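In our numbering, the protein residues as written are 386 to 783.
1) With C-beta atoms as the reference, is residue 664 less than 8 Å away from residue 648?
2) Mapping DSSP to helix, strand and coil, what is residue 623?
3) Any idea if residue 461 is buried or exposed, counting beta-carbon neighbours within 10 angstroms, 16 or more meaning buried?
4) Looking only at its own chain, which residues have a Cβ that is under 6 Å from the Cβ of residue 441, when we skip the five neighbours before and after it?
5) Are there 16 or more other CB atoms within 10 angstroms of the CB of residue 408, so buried, or fewer, so exposed?
6) Could you pull out every residue in the same chain whose Cβ sits closer than 6 Å to the Cβ of residue 595, ignoring the five residues on either side in sequence?
7) Quick one: using the 10 Å Cβ neighbour count with 16 as the cut-off for buried, is residue 429 buried or exposed?
8) Can you tell me which of the three DSSP states residue 705 falls into?
9) Taking the alpha helix (DSSP H) that residue 568 belongs to, which residues open and close that run?
10) Spell out a yes or no on whether the stretch 529 to 536 and the stretch 437 to 451 are touching, meaning 3 or more CB-CB pairs, one atom from each, closer than 8 Å.
11) Which word fits residue 518, buried or exposed, when buried means at least 16 other C-beta atoms lie within 10 angstroms of its C-beta?
12) For residue 408, which of helix, strand or coil comes out of DSSP?
13) Give the single residue among 702, 411 and 398 whose Cα lies nearest to the Cα of residue 591.
14) Assign residue 691 to one of two classes, buried (16 or more other C-beta atoms within 10 Å of its C-beta) or exposed (fewer than that).
15) State the DSSP-derived secondary structure class of residue 428, mapped to helix, strand or coil.
16) For residue 534, count neighbouring C-beta atoms within 10 Å of its own C-beta (all shown protein chains included) and say buried if the count is 16 or more, exposed if not.
17) Got a sec, what are the start and stop residues for the alpha helix (DSSP H) residue 536 sits in?
18) Quick one: give me the first and last residue of the alpha helix (DSSP H) that residue 676 is part of.
19) Count Cβ pairs between the stretch 473 to 482 and the stretch 552 to 565 that sit closer than 8 Å; are there 3 or more?
20) Using DSSP with H/G/I as helix, E/B as strand and the rest coil, what is residue 583?
21) Can you find at least 3 beta carbon pairs, one from the stretch 509 to 518 and one from the stretch 393 to 413, that sit closer than 8 Å?
22) Spell out a yes or no on whether the stretch 635 to 643 and the stretch 682 to 690 are touching, meaning 3 or more CB-CB pairs, one atom from each, closer than 8 Å.
23) By alpha-carbon positions, which one of 454, 481, 547 and 564 ends up nearest to residue 403?
24) Assign residue 577 to one of three DSSP states: helix, strand, or coil.
25) Hey, how far is the Cα of residue 777 from the Cα of residue 452?
26) Counting only runs that start and end within the stretch 438 to 478, where is the alpha helix (DSSP H) found for 4 or more residues in a row?
27) By the DSSP assignment, the alpha helix (DSSP H) with residue 499 in it spans what residues?
28) Around the C-beta of residue 820, are 16 or more other C-beta atoms found within 10 angstroms, so that it is buried, or is it exposed?
29) Can you tell me whether DSSP reads residue 605 as helix, strand or coil?
30) Between the stretch 408 to 428 and the stretch 490 to 500, do at least 3 Cβ pairs fall closer than 8 Å?
31) In whole angstroms, what separates the C-alpha of residue 536 from that of residue 455?
Printed below as a string of structure tokens:
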């Protein structure tokens, strides 16, 4: 099958979006599922933190390792192999009865997960122009919203009705489906030749573009570990109403991520990120004043968060040339995982084992606002440096 048969940008983007959906669901679904797993493994439910941290640490490590060698190999066959192996490890986990073995399997899944998205994004973005990249990134980012709309509710429903082991087997099946879509729709990529090796150096300024998505996510991720207690404290939300609230917020996030691509073409990345930041700050003010409803807060919060993420990702994707892209995406995956690890750990540090109080919430909201405001400032200074680099990149590519 030739690349001309599979290289339609939107089809490629939707294939990568499904890979992102499966990858995110593999990670996100295990935290709520661990309530059932803990009973079978005979461990406390709080051990879910070990499962999450070992996956994230392994993914960060694999991103660093991939940056050193992935430019030398054909990415598509390795991506297909990684998806099949992820399916095997997930199915194995569904049949495990020892917590230690399950942790080892999640370690392996994390090593594969850290490579998966960097390889898929490198294959997707290498031959796209700036406008196509923005559209493709918006499609891929919207996969996270679909996890909230479809993935998590469906996974929890399967766990309730059929058990967590069946839920994991379904996840394994989705990994195989992702492999089939990748085989059908993603283009191949020729390994870097010896003549191109000197062009792999990313330069001293690369850290600005590498960090952009992590900076965009940090402000929002600070709230995620305590989101349900926060909604209960500020709005009196009941657990039985949470699924509907999260589905509604997922729809808002999906729409925001798709519409942000249109906004970027019209207003640019900086102004669109300022709009997303404004929505995010407004949602934090709502929370501080206990104004409105939980649904209204979640709509603003998720919409602002996803607009910011699309803007940051679109800007960062403009930095590397086609030779550098694989290494760049691998390092960015590592940066994202490390940033997420820090942001998700901070609320526990602030609370210090105590129940959530209004004073602790206000401290967290102030920190979130400061981190959120940093993105437009950082993005503006980064975009200002993009044009000179882009001229050099064009010279290298030609």
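Yeah, the Cβ is synthetic: ideal placement off N, Cα and C, and Gly gets one too.
Since this is a predicted model, take the numbers as computed values, not measurements.
Once the coordinates are examined:
1) Counting from 1 along the chain shown, the entry for residue 664 is found at position 279. Counting from 1 along the chain shown, the entry for residue 648 is found at position 263. No, Cβ-Cβ distance for residue 664 and residue 648 is not below 8 Å.
2) Within the chain shown, numbered from 1, the residue matching residue 623 stands at position 238. If DSSP states are grouped into helix, strand and coil, residue 623 belongs with coil.
3) Indexing the chain shown from 1 puts residue 461 at position 76. It counts as buried.
4) As a first step, residue 441 must be located in the chain shown, where it is residue number 56. Counting only Cβ-Cβ distances below 6 Å, and skipping sequence neighbours, we find 722 and 726.
5) Locating residue 408 in the chain shown gives position 23, counting from the first residue. So residue 408 counts as buried.
6) On the chain shown, residue 595 is found 210 positions in, with the first residue counted as 1. Taken in chain order, the residues that qualify are 716, 717 and 720.
7) Residue 429 sits at position 44 when you count from the first residue of the chain shown. Residue 429 comes out exposed.
8) The residue you call residue 705 lines up with position 320 of the chain shown. Of the three classes helix, strand and coil, the one that applies to residue 705 here is coil, per DSSP.
9) As a working note, residue 568 is residue 183 in the chain shown. That run of the alpha helix (DSSP H) goes 549 to 570.
10) no
11) On the chain shown, residue 518 is found 133 positions in, with the first residue counted as 1. Residue 518 should be labelled buried.
12) Within the chain shown, the letter at position 23 stands for residue 408. Note: residue 408 maps to helix in three-state DSSP.
13) Here the question's residue 591 lines up with position 206 in the chain shown. For residue 591, the nearest C-alpha among the options comes from 702.
14) Numbered from 1 along the chain shown, position 306 holds the residue referred to as residue 691. By the 10 Å Cβ count, residue 691 comes out buried.
15) Working through the chain shown from its first residue, we reach residue 428 at position 43. If DSSP states are grouped into helix, strand and coil, residue 428 belongs with coil.
16) The residue given as residue 534 occupies position 149 in the chain shown. Residue 534 comes out buried.
17) Within the chain shown, numbered from 1, the residue matching residue 536 stands at position 151. It is not in any alpha helix (DSSP H) - residue 536 carries neither H nor E in the DSSP assignment.
18) As a working note, residue 676 is residue 291 in the chain shown. First-last for residue 676: undefined, no H or E at that position.
19) yes
20) Numbered from its first residue, the chain shown carries residue 583 at position 198. The predicted position of residue 583 is uncertain, since its pLDDT is 42 and thus under 50; no value can be drawn from it.
21) yes
22) yes
23) As a working note, residue 403 is residue 18 in the chain shown. Residue 564 is the option with its Cα nearest to residue 403.
24) Working through the chain shown from its first residue, we reach residue 577 at position 192. Interpretation of residue 577 is limited by its pLDDT of 49, a score under 50 that renders its predicted location unreliable; no figure is taken from the coordinates.
25) The residue labelled residue 777 in the question sits at position 392 within the chain shown. The residue labelled residue 452 in the question sits at position 67 within the chain shown. Note that residue 777 scores 43 on pLDDT, short of 50, meaning its location in the model is unreliable and no value can be drawn from it.
26) none
27) Walking along the chain shown from the start, residue 499 turns up at place 114. Run containing residue 499: 484 to 510, per the alpha helix (DSSP H) assignment.
28) In this structure the chain extends from 386 to 783, so residue 820 is not present and cannot be described.
29) Locating residue 605 in the chain shown gives position 220, counting from the first residue. Looking at residue 605 - three-state DSSP - the assignment turns out to be helix.
30) yes
31) For the purposes of this step, residue 536 is taken as residue 151 along the chain shown, with counting starting at 1. For the purposes of this step, residue 455 is taken as residue 70 along the chain shown, with counting starting at 1. Using only the alpha carbons, I get a separation of about 30 Å.
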